[in-house]
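Written out below as C-alpha cells is the structure these notes cover.
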Amino acid sequence: MKLSREEVKHIALLARLGLSEEEMERFRGQLSNILENFEVLKQVDTSDVPPTAYPISLENVVREDEAAPSFTQSEILANAPHQEEGCFRVRAVLEQ
Amino acid sequence: MNLYNLTIHQAHQLLKSKEVSSVELTKAVLKRIAEAEEKVRALVTVTEESALLQAEQADQRIRAGDFTPLTGVPAVIKDNMCTKGIRTTCSSRMLENFVPPYDATVVEWLKDAGMVMVGKGNMDEFAMGSSNEHSAFAITSNPWDLGRVPGGSSGGPAVGVAVGEAIYALGSDTGGSIRQPAGFCNIVGFKPTYGRVSRYGLVAFASSLDQIGPMTKDVTDSALVMNFIAGYDPRDSTSLNYPVPDYTKSLIPDLKGLRLGIPKEYFVEGMQQGVEEVMRTAIAKLEELGATVDWEVSLPHTKYALAAYYLIAPSEAMANLARYDGVKYGFSYEGESMWDAMERTRELGFGPEVKRRIMLGTYALSAGYYDAYYLKAQKVRTLIKRDFDEAFKEFDVLVAPTSPTVAFKIGEKVDDPLQMYLSDIFTLSLNLAGICGISIPCGFAEARVSASLPVGLQIMGDAFAEEAILRVAYAYEQATEWHKRRPVL
Chain U
3 MKLSREEVKH
13 IALLARLGLS
23 EEEMERFRGQ
33 LSNILENFEV
43 LKQVDTSDVP
53 PTAYPISLEN
63 VVREDEAAPS
73 FTQSEILANA
83 PHQEEGCFRV
93 RAVLEQ
Chain P
1163 MNLYNLTIHQ
1173 AHQLLKSKEV
1183 SSVELTKAVL
1193 KRIAEAEEKV
1203 RALVTVTEES
1213 ALLQAEQADQ
1223 RIRAGDFTPL
1233 TGVPAVIKDN
1243 MCTKGIRTTC
1253 SSRMLENFVP
1263 PYDATVVEWL
1273 KDAGMVMVGK
1283 GNMDEFAMGS
1293 SNEHSAFAIT
1303 SNPWDLGRVP
1313 GGSSGGPAVG
1323 VAVGEAIYAL
1333 GSDTGGSIRQ
1343 PAGFCNIVGF
1353 KPTYGRVSRY
1363 GLVAFASSLD
1373 QIGPMTKDVT
1383 DSALVMNFIA
1393 GYDPRDSTSL
1403 NYPVPDYTKS
1413 LIPDLKGLRL
1423 GIPKEYFVEG
1433 MQQGVEEVMR
1443 TAIAKLEELG
1453 ATVDWEVSLP
1463 HTKYALAAYY
1473 LIAPSEAMAN
1483 LARYDGVKYG
1493 FSYEGESMWD
1503 AMERTRELGF
1513 GPEVKRRIML
1523 GTYALSAGYY
1533 DAYYLKAQKV
1543 RTLIKRDFDE
1553 AFKEFDVLVA
1563 PTSPTVAFKI
1573 GEKVDDPLQM
1583 YLSDIFTLSL
1593 NLAGICGISI
1603 PCGFAEARVS
1613 ASLPVGLQIM
1623 GDAFAEEAIL
1633 RVAYAYEQAT
1643 EWHKRRPVL
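Protein chains in written order, with my numbering: chain U, 3 to 98; chain P, 1163 to 1651.
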C-alpha cells in the first residue's frame, strides 16, 4: 500500500501539523512501508473478538464534587507564551 | 569504593550509621555527574542547588530518627515526570522552557520519603524511541561503548544509574522504555502492572500503555523503590485501589516449586547468537536454583504484537499531543493566522519521530481506516492478552530475553523507523496486556568490533504478580555476579 502525496497532505492537515516538502516526501515512503508491514494483522481472525481499550477492567470512576485548593491564576499563566489582562492571548478565530 | 557506586540499601546503611552524610553522598554524586556528563549526556537538567538543600534536610531527618530507606539517597527522575519549579522538557523543543506548577504523584511521594533529586534524565522526545537518539538536546551514549546507543526511551536514567550519576532513577515504560535500556546498560529495570503506580504528572504519551517504574543497580533496590511509589492515587482514574505489599518480603533466594515457562515465540530468527547463548545459560541457572522450566510454552499471537502496538500507541499519542497548540504552555510560533500559528508551532516544536507517530496515529484513526487499523489492533490486543492469561494458568512467570540484540550503534537504525521499532519486539506485548516485567543483568555477549556488551534477562509476571518476578530476579541475582559489573568511562 502506497500513500499518495494528497493523502499525506490530508493527514497532516487533520493533525494540524506543518510539514516541509522534504518531510512530506520522507514520511510518504516511511509510512507506506510501515503500513505495508502492518497488513499482517489481516491474517488474524478477529470476527468474534471484542476490542481492548484498557488492559484492566475498570468501572467508571467518580468522586464527590468537593471544593479543594487549586492553582492560582498566576501559576497557570506562568507558562503561557502570550497573555493579556490575566488571560491566554490567542489569534483571532473569526476572520474580520 | 566510590560512594556514587553504592546501591540504595548500601547507602542507607552508611547514612543510618552516620558513617556518611547525605550531603557527602550527594556531593560525590554531583562530582561524578560533572566528570561523566561530557561523555554520556544522560541528563537534561542538573539540580545541584536544590539537591544540596534536600540533602541537608535529609541529614536533619536522619539525626532526628525520622527516616525511610530512601531518605538522603540521590536519584534521577526521567524528564517526562513533572517536578514543581524545575523544568520538565520531555527532551522536546516543545517543552524546553516548561516549568510545572506541581509535582507528579511519584515525585511527591519520593520527596515525602526523603529523596534527593540530582537531575532530570534525558530521553527520546516524548518517550517515543528506543535509542535516545530522538532527544532534541543530546544523544545519550552507552557507557559500555560510547559509540552505541543506551536504548530508550529511558536511556538517560539508565545510563545515569549505570555510571553513578544517581543511586537510582525513575523511568517510564510504554513499550519497553524501562526494560530495554536497563538491559543495554547492565542495570535492573522494573515495569509494574498497569494501574499499580500513579501516572498523575507523567506527561502522557499512550495512556493505556504508560507506566512508571524503578531503574536500579540491583533487585533489592527496585523492591525498595516500589514500596514508595506503588499505591492508589485518586488523581489518576486508572490507578487501582489494591493492597500494596512490602515488596522486600518477596526477596527469597531460592526458586523451589516455581514454574517457569519459556515462550518459544521469543526465541526466533533475528536474535543475536550471543544473546541466545547467554539466555540459555541464564535459564539453566534458574533451573539449578529449583525452578521447573518448560521450553514449550506458546504465545501464538506474539508475531502480531508489533503491528498492534505501533497502531495503538501512535493513535493514543496523536490524541494526547493535540494539546500542544502554542496557547497554554510550551513553544509558540507567531504565525500569520490561527491555523498557521498552530501548524508552524507543531512543525518547529516537534522532532521527526514525534511527527511520524502523530501522522501514523492520525491515519489509523481517520475516516475509512479506523476499522481496518485501530479497531483491528485493539481486537488483536485482546488476543495477546488472552495468550498471557492462558500461560499464567500454568506458570508463575515467563522468561525471555529483554531484547533480541545487544546495544546497537548510534546512527544504525535512526533512518529506518521499522528497524527501530523491531528492537521493542520482546517488551511491548507486556504493555498491551498490562502485565508486569523486569529486566536484570544476565551476562555479556560479544558484538562485532565492540568488546562484549550487556544482555538483559526479562522475567514476566501476570497482573499484580510483582512479587513473583521479584523473587525470581532476586534469586538469580544472588547466584550470579553480573549486576556488580560497572562500565569504565
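C-beta atoms are modelled at their ideal positions from N, C-alpha and C, and glycine is treated no differently.
Please read these numbers as outputs of a predicted model, since none were measured by experiment.
In terms of beta-carbon proximity, THR1267 (chain P) stays away from the interface with chain U, with every pair separated by 8 Å or more. The stretch 88-98 of chain U makes no contact with the stretch 1205-1212 of chain P; the number of CB pairs closer than 8 Å stays below 3. Legend: CB atoms of the stretch 44-70 of chain U lying less than 7 Å from CB atoms of chain P belong to residues VAL46, THR48, VAL51, PRO52, PRO53, THR54, ALA55, TYR56, PRO57, ILE58, LEU60, VAL63, ARG65. Note: ASP1335 (chain P) is bridge-paired with P:GLN1373 in the DSSP secondary-structure output. Contact between the stretch 1399-1407 of chain P and the stretch 1352-1363 of chain P is present, with at least three C-beta pairs closer than 8 Å. Using a CB distance cut-off of 8 Å, GLY20 (chain U) counts as an interface residue toward chain P. Around ILE1520 (chain P), the beta-carbon contacts reaching into chain U at under 8 Å are ALA17, LEU19. For the pair MET1480 (chain P) and VAL1559 (chain P), the CB atoms are not nearer than the 8 Å cut-off. The C-alpha of MET1433 (chain P) is placed about 11 Å away from the C-alpha of THR1564 (chain P). Between LEU1257 (chain P) and the set P:LEU1537, P:LEU1272, P:ARG1508, P:PHE1550, the nearest pair of CA atoms involves P:ARG1508. The beta carbon of PHE1260 (chain P) sits closer than 8 Å to some beta carbon of chain U. The residue among P:GLY1318, P:LEU1448, P:ASP1502 with its C-alpha nearest the C-alpha of ALA1298 (chain P) is P:GLY1318. The beta carbons of THR1233 (chain P) and MET1243 (chain P) sit about 20 Å from each other, so the pair does not count as a contact at 8 Å. Looking at P:GLU1295, P:SER1292, P:GLU1287, P:ALA1220, the one whose alpha-carbon comes closest to that of LEU1272 (chain P) is P:ALA1220. Using a Cβ-Cβ distance cut-off of 8 Å, the stretch 1630-1638 of chain P and the stretch 1406-1424 of chain P are in contact, since at least three pairs of beta carbons, one from each stretch, lie closer than that value.
About 17 Å separates the beta carbon of LEU5 (chain U) from that of LEU43 (chain U), a gap too long to meet the 8 Å contact definition. Judged by DSSP in its simplified three-state form, GLU1450 (chain P) adopts helix. DSSP, read as helix, strand or coil, puts MET1433 (chain P) in coil. ASP1307 (chain P) has P:ASN1304 as its beta-bridge partners, per DSSP. Beta-bridge analysis with DSSP links CYS1598 (chain P) to P:GLY1623. At a cut-off of 8 Å between beta-carbon atoms, GLN32 (chain U) makes contact with chain P.
Within the stretch 1542-1607 of chain P, the complete alpha helix (DSSP H) segments of 4 residues or longer fall at 1579-1584, 1590-1595, listed in chain order. In this structure, LYS1282 (chain P) sits near THR1245 (chain P), with a CB-CB distance shorter than 8 Å. For LYS1273 (chain P), there is no enclosing beta strand (DSSP E); the enclosing alpha helix (DSSP H) has its first and last residue at 1267-1275. The beta carbon of SER1339 (chain P) is closer than 7 Å to those of ALA1289, GLY1314, SER1315, SER1316, GLY1333 in its chain, skipping five residues each way along the sequence. Looking at the DSSP output, ILE78 (chain U) shares a beta bridge with no other residue. Less than 8 Å separates the beta-carbon of VAL1280 (chain P) from that of LEU1192 (chain P). Taking the C-beta atoms as reference points, PRO1566 (chain P) is found nearer than 8 Å to ILE1587 (chain P).
Listed in chain order, the non-local C-beta contacts of GLY1573 (chain P) below 8 Å within the same chain comprise GLU1295, local neighbours out to five positions each way being set aside. The alpha-carbon separation between TRP1306 (chain P) and CYS1347 (chain P) amounts to approximately 7 Å. Collapsing the DSSP output to three states places LEU1176 (chain P) in a helix. Residue-level contact by beta carbon fails for ARG7 (chain U) and chain P, as no gap is shorter than 8 Å. Rounded to whole angstroms, the gap between the alpha carbons of TRP1644 (chain P) and GLN1620 (chain P) is 14 Å. Three or more Cβ pairs drawn from the stretch 1515-1526 of chain P and the stretch 1467-1480 of chain P lie within less than 8 Å of each other, which places the two stretches in contact.
A buried status is given to PHE1352 (chain P), since no fewer than 16 other beta-carbon atoms sit within 10 Å of its beta-carbon. Residue contact check for MET1622 (chain P) against chain U: no CB pair falls below 8 Å.
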